[in-house]
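Visitor: For any residue, its number in my numbering is found by taking its place in the sequence shown, counting from 1, and adding 1247. So that we are looking at the same thing, I have put the structure below in structure tokens.
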Amino acid sequence: MKQKNSKGEALKFSGKWDLAPAPESTDHIEIKKEYQLFINGKFYKPSSGKYFPSINPANEKHLSMIAEANEKDVDRAVKAARKAFDGTWSKISAKERGKYIYRIARLIQEKARELAVIESLDGGKPIREARDIDVPIAAAHFFYYAGWTDKLKYAFPNQSPKAVGVAGQVIPWNFPLMMAAWKIAPALATGNTVVLKPAETTSLTALKLAEIIQEADLPPGVVNIVTGAGATGAAIVNHSDVDKIAFTGSTGVGKVIMKAIAGTEKKSTMELGGKAANIIFEDAPLDQAVEGVINGIYFNQGHVCCAGSRLFIQESVYDVVLRKLKDRIQALVLGDPLDKNTDIGAINSKEQLATINKYLKIGQKEGADMFQLSCDIPKKGFWCPPTLFTNVSQSHAIAKEEIFGPVLAVQTFRTIDEVITKANNTPFGLSAGVWTDKGSKIFNLTSQMRAGVVWANTYNKFDPTSPFGGYKESGHGREGGLHGLLPYLNI
Ligand code: ADP
């Protein structure tokens, strides 16, 4: 039977359905004109009086003004966190701590629609992703770690785990609420208090989370959220009364932070860059693999440290996989992130778009062939169509360096040993994907890949019970699961 539109006309399929717009409503959300710093359970104006704007990267419209915290504000937040650690949070029973964390989880669920829309507006990601991934995973992390609070002795038998103290946490812009949850939930569950800084382009959902924390009635100072750019982050990192730094962001800034805390007693976890290999063997279910590749690099505009940005296709199926991949790219819908049909949203910032465009130029200059989704690009905002490079060699910058955009570098291989060598030929080691029908190949490959997470016949699957983190320049320490408790404990 032919599909029809609302007017009864037959829908034509020319690689892409002509879909009616389905924008998510913004009526139910509240974005304040100005946001303050969340310190000691209350919202305070920044001591400098300075604010910076947050804009919607899909149309460059102004959303709100965000307070800029300086060293004095950070000091105030750390003092509040210390006082809460010594005075209340380390004194109350583990069960009570758990109750607060469950409360945060439930409030996130209650406000899920509002949080998803704000995440999409502030960061440019498709509402589908914010709604189905960011917000549910954020809630799931609070639920999961709430369950651990009174079971730490079982998690580490015959030992006496003790909270580290005040955790300084700095997060990036790609999964703002989810990253805040990954950081705050295990810290609270283990009895620590927190000073967290969101990225300067995506502060809004972290500030909404501050409101949730206030509503959940957490004792003042247990969670403090300060906003600002790199200097604010550096003030947290360098504060002498912070016991632990948890950072997610670029490898460059990660190295700066590691140098800054070298020689101090600060513990650290670093979740840094990546250049993940996605590997398709000839015996793989090819359509499923192509869908996994698309999900791994293009959804969320490639703004994922674990994005499968290098694709290795076994030579015997190269032509067919490439054809399927290009057909699938042509069917992707780029546009208004709030539209439920949208696959590809906006690039998070002008600066990030400039970085991506720089790599598109380098890729072509180095001799690779570029293929892009041909589509109308919105006039305002920051956009990059899904891009695929073929004729790529190991030495090309687009195959070596993290781009953090919807750019895929395709290479080929003949044998499993060859692809393991090629896939491991990178300073990064965060994640990888393998597509094959043979379990033995999966085990062979996963045991030899130098990557923290290896997905088999799937990609970008996250669960609070499973640890996530990298090897080599992708960082150290794990977030999620029982492993995610360790960095917040002295054992
Ligand atoms: P990305 O490339 O993902 O934006 P960055 O590493 O630049 O990653 O930023 C990640 C987070 O680190 C952001 O919250 C940013 O403000 C913060 N940041 C940037 N520079 C520093 C620094 N020198 N010290 C601490 N935090 C920093």
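Cβ atoms here follow ideal geometry from the backbone N, Cα and C, with glycine treated the same way.
Using a threshold of 9 Å, state whether the C-beta atoms of Q1619 and T1634 are closer than that.
Guide: Here residue 1619 corresponds to residue number 372 of the sequence shown, with the count starting at 1. Here residue 1634 corresponds to residue number 387 of the sequence shown, with the count starting at 1. Taking 9 Å as the Cβ cut-off, Q1619 and T1634 qualify as a contacting pair.
Visitor: For a test of your reading of the model: does the CB of D1497 fall under 8 Å from any non-hydrogen atom of the ligand ADP? Yes or no.
Guide: If you number the sequence shown from 1, residue 1497 lands on position 250. It should be noted that the sequence gives Ser, not Asp, for residue 1497. Yes.
Visitor: Under the three-state reduction of DSSP, which class applies to W1395: helix, strand or coil?
Guide: Stepping through the sequence shown from its first residue, residue 1395 is reached at position 148. Correct three-state label for W1395: helix.
Visitor: So is the beta-carbon of V1417 under 8 Å away from any non-hydrogen atom of the ligand ADP?
Guide: For the purposes of this step, residue 1417 is taken as the residue at position 170 of the sequence shown. Yes.
Visitor: Go to A1267, then tell me how far its beta strand (DSSP E) extends in each direction, as first and last residue.
Guide: Numbered from 1 along the sequence shown, position 20 holds the residue referred to as residue 1267. Where A1267 is concerned, there is no enclosing beta strand (DSSP E), given that its DSSP letter is neither H nor E.
Visitor: Going along the chain, which residues of its own chain have a beta-carbon closer than 6 Å to the beta-carbon of T1693, five neighbours each way excluded?
Guide: Within the sequence shown, the letter at position 446 stands for residue 1693. The answer, listed in chain order, is V1701.
Visitor: Quick check: G1543 and G1680, are their CB atoms within less than 9 Å of each other?
Guide: Here the question's residue 1543 lines up with position 296 in the sequence shown. Here the question's residue 1680 lines up with position 433 in the sequence shown. Cβ distance < 9 Å, so G1543 and G1680 count as in contact.
Visitor: Would you list the residues sitting across from M1425 in a DSSP beta bridge?
Guide: Looking up residue 1425 in the sequence shown gives position 178. BP columns for M1425 are empty, so no partner.
Visitor: Could you give the C-beta distance for D1322 and H1486, rounded to a whole number, given that I count them as a contact under 8 Å?
Guide: Position 75 of the sequence shown, counted from the first residue, corresponds to residue 1322. Position 239 of the sequence shown, counted from the first residue, corresponds to residue 1486. That belief holds up - the Cβ atoms of D1322 and H1486 are roughly 7 Å apart, short of 8 Å.
Visitor: Once DSSP output is grouped into helix, strand and coil, what is the label at S1487?
Guide: Reading the sequence shown from its first residue, position 240 is the one you call residue 1487. S1487: coil per DSSP, three-state reduction.
Visitor: How about G1676 and K1719: are their beta carbons less than 9 Å apart?
Guide: Here the question's residue 1676 lines up with position 429 in the sequence shown. Here the question's residue 1719 lines up with position 472 in the sequence shown. Against a cut-off of 9 Å, the Cβ pair of K1719 and G1676 comes out as a contact.
Visitor: Got a sec: does the ligand ADP put a non-hydrogen atom nearer than 8 Å to the Cβ of E1720?
Guide: In the sequence shown, residue 1720 corresponds to position 473, counting from 1. It does not: the Cβ of E1720 is nowhere closer than 8 Å to a heavy atom of the ligand ADP.
Visitor: Answer yes or no: do R1725 and E1562 have a C-beta to C-beta separation smaller than 9 Å?
Guide: Taking the sequence shown and counting its residues from 1, the one referred to as residue 1725 is at position 478. Taking the sequence shown and counting its residues from 1, the one referred to as residue 1562 is at position 315. Contact: no.
Visitor: Between the C-alpha atoms of F1422 and R1329, what's the straight-line distance to the nearest angstrom?
Guide: The sequence position of residue 1422 within the sequence shown is 175, counting from 1. The sequence position of residue 1329 within the sequence shown is 82, counting from 1. F1422 and R1329: Cα-Cα distance of roughly 28 Å.
Visitor: Determine the burial state of M1248: buried for a count of at least 16 other Cβ atoms within 10 Å of its Cβ, exposed for fewer.
Guide: Start at 1 with the first residue of the sequence shown, and residue 1248 comes out as number 1. Summary for M1248: the model assigns pLDDT 46, below 50, so the residue's position carries little reliability; its value from the coordinates is reported in the next sentence. When all chains shown are included, M1248 counts as exposed.
Visitor: Under 9 Å, do V1654 and S1556 count as touching if we go by C-beta distance?
Guide: Taking the first residue of the sequence shown as 1, we reach residue 1654 at position 407. Taking the first residue of the sequence shown as 1, we reach residue 1556 at position 309. Taking 9 Å as the Cβ cut-off, V1654 and S1556 qualify as a contacting pair.
Visitor: Measuring alpha carbon to alpha carbon, tell me which of L1600, F1636, S1640 and I1591 ends up nearest C1622.
Guide: Taking the sequence shown and counting its residues from 1, one reaches residue 1622 at position 375. C1622 has its Cα closest to that of I1591, out of L1600, F1636, S1640 and I1591.
Visitor: Would F1528 pass as a contact of K1409 if the rule is Cβ separation under 9 Å?
Guide: Taking the sequence shown and counting its residues from 1, one reaches residue 1528 at position 281. Taking the sequence shown and counting its residues from 1, one reaches residue 1409 at position 162. The answer is no: Cβ separation not under 9 Å.
Visitor: On the criterion of 16 or more Cβ atoms from any shown chain inside 10 Å, does T1668 qualify as buried, or is it exposed?
Guide: The residue given as residue 1668 occupies position 421 in the sequence shown. Exposed, by the Cβ-count rule.
Visitor: In this structure, does DSSP put A1493 in helix, strand or coil?
Guide: As a first step, residue 1493 is located in the sequence shown; it is residue number 246 there, counting from the start. Strand, per DSSP.
Visitor: Along the chain, where does the beta strand (DSSP E) that runs through T1637 open and close?
Guide: Walking along the sequence shown from the start, residue 1637 turns up at place 390. Its beta strand (DSSP E) spans residues T1634 to T1637.
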